[in-house]
Amino acid sequence: MPETIEELVRQAVAAAQAAGDLPAFEVTDAGVERPADTSHGEWTSTVALRSARLARMAPAKIAEAVASHMPASPEVEKVEVAGPGFINFYLATAAHNEIFAEVRAEGANFGRSDAGHGEKVQVEFISANPTGPLHVGHGRWAAIGDSLCNVLDFAGYDVQREYYINDHGSQMDVFGNSISERYLQIGEVMEKEGLDLDGAVQFLVDDREAYIADEDDSAPETHPYMDSFNEKLGGNSYGGDYIITLAREFWDADGDRWMGATEEERAPEFRERGYKLQLGRIKDTCSSVRCEFDNWKSERSFYVKDPETGVSPIDATFAMLEEQGLLYRTDDGALWVKTTDFGDDKDRVVVKSNGEYTYFASDVAYTWEKLTNYDYEINILGADHHGYIRRVQAVGAAMGFPGKYEVLLGQFVNLLRNGEPVRMSKRRGTMVSFDELIDEAGVDATRYTLISRSSNQTIDFDIENVRKQDSSNPVYYVQYAHARICSILRRAAGVDYAEAERMGMEAVAAKAVGPDPDLSLLTDPTEAELARTMSKFAELVAGCARDRAPFRITHYVQELASEFHRFYNECQILPSDARPIDPALSHARLAVCDAVRINLEVALRLIGVSAPDRMYREATNDNA
222 MPETIEELVR QAVAAAQAAG DLPAFEVTDA GVERPADTSH GEWTSTVALR SARLARMAPA
282 KIAEAVASHM PASPEVEKVE VAGPGFINFY LATAAHNEIF AEVRAEGANF GRSDAGHGEK
342 VQVEFISANP TGPLHVGHGR WAAIGDSLCN VLDFAGYDVQ REYYINDHGS QMDVFGNSIS
402 ERYLQIGEVM EKEGLDLDGA VQFLVDDREA YIADEDDSAP ETHPYMDSFN EKLGGNSYGG
462 DYIITLAREF WDADGDRWMG ATEEERAPEF RERGYKLQLG RIKDTCSSVR CEFDNWKSER
522 SFYVKDPETG VSPIDATFAM LEEQGLLYRT DDGALWVKTT DFGDDKDRVV VKSNGEYTYF
582 ASDVAYTWEK LTNYDYEINI LGADHHGYIR RVQAVGAAMG FPGKYEVLLG QFVNLLRNGE
642 PVRMSKRRGT MVSFDELIDE AGVDATRYTL ISRSSNQTID FDIENVRKQD SSNPVYYVQY
702 AHARICSILR RAAGVDYAEA ERMGMEAVAA KAVGPDPDLS LLTDPTEAEL ARTMSKFAEL
762 VAGCARDRAP FRITHYVQEL ASEFHRFYNE CQILPSDARP IDPALSHARL AVCDAVRINL
822 EVALRLIGVS APDRMYREAT NDNA
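For the sequence shown, position 221 matches number 442 in our numbering, and the numbering has no gaps at all.
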């Protein structure tokens, strides 16, 4: 439709110029857009405002001239000039309602566009250290990152999803040592307490729980093993229950094989095997929330030397930077990157004076790899990484890619239960894991809630509220609208739930609506509001992609669900003995229902939320 309005405006301008009502000037953009106030029509043109300087005329006079020469169109009911020079278009009923047919024809592709023109974009998100379970903050970045990728893909971008595995550095040794020590403690408890493996593991879990409860350390006798663990490893340890579980897996696989081994023998085994086990858990968590990655990139890979050249990716990157005069050495032998030349607040060291690489060294190589392979890079990080942004953007600019590296900072999640904060202590390892949240709240409610606000805003996640099965719960409210529509279509098609399952909802809808419904019969204001909302969807998705704002999808489905419920309450859809309805009107309204169903399903899929065809209330109150 905007293309049609654009063409009508151009024809009207040309006609006005030919008649001498307007001077000669070229229309580069008719400025066709949707008015903020729906009472001003479905579309508006700002061509008069844009052309005032060229025409040397007041915008209002230009608008009057254009409107007076507007060619007739079956799609347009009337044209009005408003304000300082807006030209407002009001669509004819048939044209307005055509969106319902469009949605049904396009199905799962409704709203898809080529706004991205195939631009190659990599989105890196989560990228948590493989030394522990994903926490709730990681869960939010998973919801944001995956939803953003879905939206970008739908808007015509070529998207790659990447998880960067931070598997290099001292934290991996700390992780392995933590598992090793818990392994030894299991053996010790089995011997001293006369317990079997299950009993010994539970003994250590109880010991840790006692440690957490004893905040002032007034009863150290209740948690000797946790105290011993902390004393031996100090601050260089991971103390959560999951470490005990990982240690137990070593016992399951190897028994007491490592009890008599030296620390040098145990360390690499527990580090490498423990790392693979924990990474597997992270992958499982991501899959459980419908978040799949195209690539899992190991930080270690940047340090692996090519067997033919003997050069690692990190050294190759430094060689490139050195050729460009962007590296220098200080008197102590340290190697630095000239990031201040590109907006950083200070230069960054990449090789220490002792020859060791810094953490930033692999970041430099990683940035080079990403920016040379993609048109654009988007990285989603926690808000505590804000200091990281400038240095990486500076490195990207130094490499010849200014403006190609973008960071979205994900603010944190305030976890509540009935309005009260859930107590967490990172120091004692008592954080709530993402898996625990999913188990309590469910995948749909969790993803919907975590994506419901902009990434730069904190989220209050009340576990009890998102579990509610009523209209106060936004995700339930939206899903119920979809389920209600499916129920209506089943009744109209004369099929029960089991038969509908076999047929599929597309076939059920086709049977219910019938061929060629007469959409011109749809004249109720609630029907017009649905049409107006759905006609904005493609623009919405493209805007979500452009602005990195997938959270707007949740606002859209809330609006659409609310409008559908109003339509359902105001307009009779199916006949009854007491209330007959014209069959043609009934079929037209069933087409509306089907279009809303499809739109809800498409929108929910973009944010990784399911669109159920039956919910508890539907299952108990409606057998159709």
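Virtual Cβ for every residue (Gly too), placed ideally from N, Cα, C.
**Report entry** Residues sharing a beta bridge with asparagine 934, DSSP
**Finding:** With the chain covering 222 to 845 only, the question about residue 934 has no answer from this structure.
Report task. Could you pull out every residue in the same chain whose Cβ sits closer than 7 Å to the Cβ of isoleucine 794, ignoring the five residues on either side in sequence? Result -> Ile709, Ser807, Arg810, Leu811, Cys814
Query raised in the report: Based on the DSSP secondary-structure assignment, which residues constitute the bridge partners of phenylalanine 523?
Result: BP columns for phenylalanine 523 are empty, so no partner.
Report task. Let me know if arginine 648 comes out buried or exposed under the rule of 16 or more other beta-carbons within 10 Å of its beta-carbon. Result -> Bear in mind that a pLDDT of 44 at arginine 648, under 50, signals an unreliable position, so the number given afterwards is only what the model happens to contain. Under the 10 Å beta carbon count, arginine 648 is surrounded by fewer than 16 other beta carbons and is classified as exposed.
Query raised in the report: Between phenylalanine 563 and leucine 500, what straight-line distance do the alpha-carbon atoms span, to the nearest angstrom?
Result: Whole-angstrom Cα-Cα distance: 36 Å.
Query raised in the report: How many whole angstroms separate the CB atoms of alanine 488 and asparagine 398, which I take to be in contact at a CB cut-off of 8 Å?
Result: 7 Å
Requested in this report: Give me the Cα-Cα distance between glycine 358 and serine 675, rounded to the nearest whole angstrom.
Outcome: 14 Å
Requested in this report: Kindly indicate which three-state DSSP category valine 558 falls into: helix, strand or coil?
Outcome: strand
Query - Anticipated Cβ contact below 8 Å, glutamate 296 with alanine 316, distance rounded - result: 4 Å
Query raised in the report: So asparagine 516 packs on glutamine 381, CB below 8 Å; how close in whole Å?
Result: 7 Å
Requested in this report: Output the distance between the C-alpha atoms of arginine 818 and glutamate 590, rounded to the nearest integer angstrom.
Outcome: 43 Å
Requested in this report: Look at the alpha carbon of threonine 352 and the alpha carbon of histidine 389, and state the distance between them as a whole number of angstroms.
Outcome: Looking at the two C-alpha atoms, the distance is approximately 11 Å.
Query raised in the report: For threonine 841, does the three-state DSSP call read helix, strand or coil?
Result: Because threonine 841 sits at a pLDDT of 46, beneath the cut-off of 50, its placement in the model cannot be relied upon, and the point is left open.
Report task. Between the Cα of glutamate 263 and those of Tyr587, Lys504, Phe310, Val253, spot the shortest distance and give me the residue it belongs to. Result -> Phe310
Query raised in the report: Near valine 823, what residues of its chain come up, given a Cβ to Cβ distance below 7 Å and the 5 sequence neighbours on each side ignored?
Result: Ala329, Phe331, Gly332, listed in sequence order.
Query raised in the report: Taking one C-beta from the segment 656-674 and one from the segment 603-618 each time, how about it: are there three or more such pairs within less than 8 Å?
Result: no
Query raised in the report: With 16 as the cutoff for other CB atoms within 10 Å, does glycine 241 come out buried or exposed?
Result: exposed
Query raised in the report: Per DSSP, which one or two residues make a beta bridge with leucine 548?
Result: In DSSP, leucine 548 forms a bridge with Val558.
Query raised in the report: Does DSSP put histidine 290 in a helix, a strand or coil?
Result: coil
**Report entry** Whole runs of the beta strand (DSSP E) within the segment 584-618, excluding any shorter than 3 residues
**Finding:** Within the segment 584-618, the beta strand (DSSP E) runs of at least 3 residues that lie entirely inside it are, in chain order, 597-603.
Query raised in the report: What are the boundary residues of the beta strand (DSSP E) that includes arginine 674?
Result: Where arginine 674 is concerned, there is no enclosing beta strand (DSSP E), because DSSP gives it neither an H nor an E.
Query raised in the report: Which residues in the same chain have their Cβ closer than 7 Å to the Cβ of aspartate 250, if we skip the five residues on either side of it in sequence?
Result: Result list for aspartate 250: Arg271, in chain order.
Query raised in the report: Should proline 354 and serine 654 be called a contact, given that it needs their Cβ atoms to be closer than 7 Å?
Result: In this structure, proline 354 sits near serine 654, with a CB-CB distance shorter than 7 Å.
Report task. Provide the residue span of the beta strand (DSSP E) that contains phenylalanine 450, from first to last. Result -> First-last for phenylalanine 450: 445-454, but that is the alpha helix (DSSP H), not the beta strand (DSSP E).
**Report entry** Minimum C-alpha distance to alanine 231 - residue among Glu383, Arg753, Val268, Asp258
**Finding:** According to the sequence as given, residue 231 is arginine; it is not alanine. Distances from the CA of arginine 231 to each of Glu383, Arg753, Val268, Asp258 were compared; the closest alpha carbon is that of Val268.
Query raised in the report: In chain order, what residues of the same chain lie with their CB nearer than 7 Å to the CB of valine 498, ignoring the 5 residues before and after it?
Result: Here residue 498 is leucine; the residue named in the question, valine, does not match the sequence. Result list for leucine 498: Leu467, Glu470, in chain order.
Report task. Quickly, what does DSSP pair glycine 621 with across the bridge? List them, please. Result -> Glycine 621 is not bridged to any residue.
Query raised in the report: What is the C-beta distance between isoleucine 465 and leucine 405, in whole angstroms, given that I count them as a contact (C-beta under 8 Å)?
Result: The Cβ separation is near 12 Å, so there is no contact.
Query raised in the report: Which term fits histidine 338, buried or exposed, when burial requires 16 or more other beta carbons within 10 angstroms of its beta carbon?
Result: Residue environment: histidine 338 is assigned as exposed (fewer than 16 neighbouring CB atoms within 10 Å of its CB, all protein chains considered).
Requested in this report: Verify whether the separation of the beta carbon atoms of isoleucine 774 and isoleucine 828 is less than 7 Å.
Outcome: yes
Report task. Go through its chain and collect everything with a Cβ distance to lysine 567's Cβ below 8 Å, but skip five positions before and after it. Result -> Only residues of its own chain outside the window of five on either side were considered, and among them Thr560, Thr561 have a CB closer than 8 Å to the CB of lysine 567, listed in chain order.
Requested in this report: Would you verify that the beta carbon of methionine 620 is, or is not, closer than 7 Å to some beta carbon of chain D?
Outcome: In summary, chain D is missing from the structure at hand, where a single protein chain is found.
**Report entry** Close-in-space but distant-in-sequence residues of the same chain around alanine 376 (CB under 6 Å, 5 per side omitted)
**Finding:** Within the same chain, alanine 376 has close Cβ partners Ser334, Ala336, Gly337, Val762, Ala763, Ala766.
Query raised in the report: Mind checking arginine 550: buried by the 16 CB within 10 Å criterion, or exposed?
Result: Answer is exposed; the Cβ neighbour count stays below 16.
Query raised in the report: When we look at the beta-carbon of glycine 495 and count the other beta-carbons within 10 Å, is it buried (16 or more) or exposed?
Result: buried
Query raised in the report: Are at least three pairs of beta-carbons, each pair with one atom in the segment 430-440 and one in the segment 520-538, less than 8 Å apart?
Result: Between the segment 430-440 and the segment 520-538, the count of C-beta pairs closer than 8 Å stays below three; the two stretches do not touch.
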